[in-house]
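**Student:**
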Amino acid sequence: QVQLVESGGGLVQAGGSLRLSCAASGRTFSSYVMGWFRQAPGKEREFVAAISESGGDTYYADSVKGRFTISRDNAKNTVLLQMNSLKTEDTAVYYCAAGATRDVYHYWGQGTQVTVSS
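Heads up: the sequence shown runs through residues 5 to 122, numbered per the working numbering.
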């Protein structure tokens, strides 16, 4: 069992930056692929970024490539999402997830709101 708690969301102007953090409980954090997803009002949840168990491989949605960076610290059971050059269309609830592969996620956090104003 893994429990995930996101933090770091908030209100920021377009062009600004935010860093989201996801703290995980449990001793098996390093055995999970970690991902970030987001859901905007009236839209489906969408993939944002993922990172392999060791942190050696990262994956991004085209919409955030070059602006967002995912990283993890297995010693601290933490995964981060650094978001730069934010756009109004990045406004959403952001969720952290843990899974066996980057296509299958078993555990989800409660989400953190990110609002980008123009």
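By construction, the Cβ of each residue, glycine as well, lies at the ideal position given by its N, Cα and C atoms.
#1: Please confirm if Phe33 has its CB atom under 9 angstroms from at least one CB of chain C.
#2: My understanding is that Gly19 touches Leu90, with C-beta atoms under 8 angstroms, so please give their C-beta distance in whole angstroms.
#3: Buried or exposed for Glu10, going by 16 or more other Cβ atoms inside 10 Å?
#4: Tell me the start and end of each unbroken beta strand (DSSP E) in the segment 25-60 that is at least 3 residues and wholly inside, in chain order.
#5: What's the C-alpha gap between Gly30 and Gln17?
#6: Please confirm if the segment 39-50 is in contact with the segment 100-108, defined as three or more CB-CB distances below 8 angstroms between the two stretches.
**Tutor:** Based on what the coordinates show:
#1: This model lacks chain C altogether; it includes just one protein chain.
#2: By one-based count along the sequence shown, residue 19 stands at place 15. By one-based count along the sequence shown, residue 90 stands at place 86. Contact flag correct, Cβ pair sits at about 7 angstroms.
#3: For the purposes of this step, residue 10 is taken as residue 6 along the sequence shown, with counting starting at 1. With 16 or more Cβ atoms within 10 Å of its Cβ, Glu10 is classed as buried.
#4: Those beta strand (DSSP E) runs which fall completely within the segment 25-60 and span 3+ residues are 37-43 and 50-55.
#5: The count along the sequence shown starts at 1 and reaches residue 30 at position 26. The count along the sequence shown starts at 1 and reaches residue 17 at position 13. Cα-Cα distance, rounded: 35 angstroms.
#6: yes
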